Every structure is written in C-alpha cells, then in structure tokens.
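Just so we're aligned: the sequence shown equals residues -21 to -1, 1 to 123 in mature numbering (1 follows the signal peptide of the UniProt record, and there is no 0).
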Amino acid sequence: MKNFKLIGIAAILGVSMVALTACSSSSSKPAEAPKPAPAAEQKAPENKAPENKAPEAKSAAASLDAKALYTGKGACITCHKLGTEGALEVGPNLDKVGAKYNEEKIYKILVNPVGEGLQATMPAATTLSDDEKKAVAKFLAERK
C-alpha cells in the first residue's frame, strides 16, 4: 500500500515539474529583420501633398497580439486555462481574472507573482519583454 502512495506522489511531483519547466522555459528565437526589396522592386516616392494627420500615439504594448503571447511565447496556457482553452489547470482559470484584478495588478503579478502576495510557484514571465507583459496584462484585465 505504501508503494502505491509513493508512486502517486512521485507521479504528481513529476507532472508538476514538467508543467513548471514548460511555464518557465524559453525556446523562442528572435525574429529576423525583414530584408529590403531589391532596388528594381522598390517604388519611387509619389509626389503627394502630406496629409495633416497627427500620428497615432500607440504604445508598443497596444500593437502586440496579447492572446498569441498568452498561448505561445508566454506559455501561460500551459498552466492556466482561459475559459475552456488549455489542457491543464495547474494555476487558476484566468477567464474572468479582470473582475478580480486590474491591469496594473496583473502586470505586477507577471513581474513578481510571490511579491504580490500570491502563494504560488508560478515563475515570473521572464520569456516576455516588458511591453509584452503589459499587453498580456491588458488582455487579461479585459476578461470579466
């Protein structure tokens, strides 16, 4: 009987280690810069009068695909379900996390989960840049 308990405990620990490793591993490669088109393919500038539009002030975080970061590079989906999406629910389901925490609090949790008072083994989102963390925090804060 003790052997079955030990095997069960070992299995749980093994699955936990795999999940934690997946949450904190970084296997993404940096994106390559686009190559300029050959001179023959480049368009000559058109002689148009400039429009008097103010440039849009978008932060880098606003232009990022936060859901893709959540499910891909950030690997959040490995441990946290988002509604019915995701395989494991090691951490809480984040489908309605915006009803509990605002964007700033979620960002702070991504930076330092334990420092924000969570009793968690969640690693900080080290695979994400600061702007990417802000984009994911905004995405999650909108889920209410």
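Every residue, glycine too, gets a C-beta built ideally from N, C-alpha and C. If you're wondering where the values come from, they're calculated on a predicted model, not measured in any experiment.
Under the three-state reduction of DSSP, which class applies to residue 121: helix, strand or coil?
Of the three classes helix, strand and coil, the one that applies to residue 121 here is coil, per DSSP.
Measuring alpha carbon to alpha carbon, tell me which of 106, 109 and 101 ends up nearest residue 59.
When each option's Cα is compared against that of residue 59, the closest is 101.
How is residue 43 classed by DSSP in three states: helix, strand or coil?
Three-state result, residue 43: coil.
Identify every residue that forms a DSSP beta bridge with residue 64.
Residue 64 is bridged to 61.
Can you tell me where the alpha helix (DSSP H) with residue 85 in it begins and where it stops?
Unbroken alpha helix (DSSP H) run through residue 85: 82 to 90.
State the Cα-Cα distance for the pair residue 63 and residue 51, rounded to the nearest angstrom.
Computed Cα separation, rounded: 17 Å.
Take the Cβ of residue 29 as the centre, count every other Cβ of all protein chains shown within 10 Å, and call the residue buried at 16 or more, exposed below.
Here residue 29 scores only 48 on pLDDT, less than 50, and its place in the model is too uncertain to base an answer on.
Who are the Cβ neighbours of residue 61 in its own chain at under 6 Å, not counting the five residues just before and after it?
If we look at residue 61 and ignore the five residues flanking it on each side, its Cβ neighbours are 73 and 74.
By the 10 Å Cβ neighbour count, where 16 or more other Cβ atoms means buried, how is residue 70 classified, buried or exposed?
Buried, because 16 or more other Cβ atoms sit within 10 Å of the Cβ of residue 70.
Rounded C-beta distance between residue 81 and residue 120? I'm assuming under 8 Å.
Indeed they touch by this definition, with Cβ atoms about 6 Å apart.
Can you give the beta carbon distance from residue 116 to residue 85, rounded, assuming they're within the 8 Å contact cut?
Yes, residue 116 and residue 85 are in contact; Cβ-Cβ is about 4 Å, under 8 Å.
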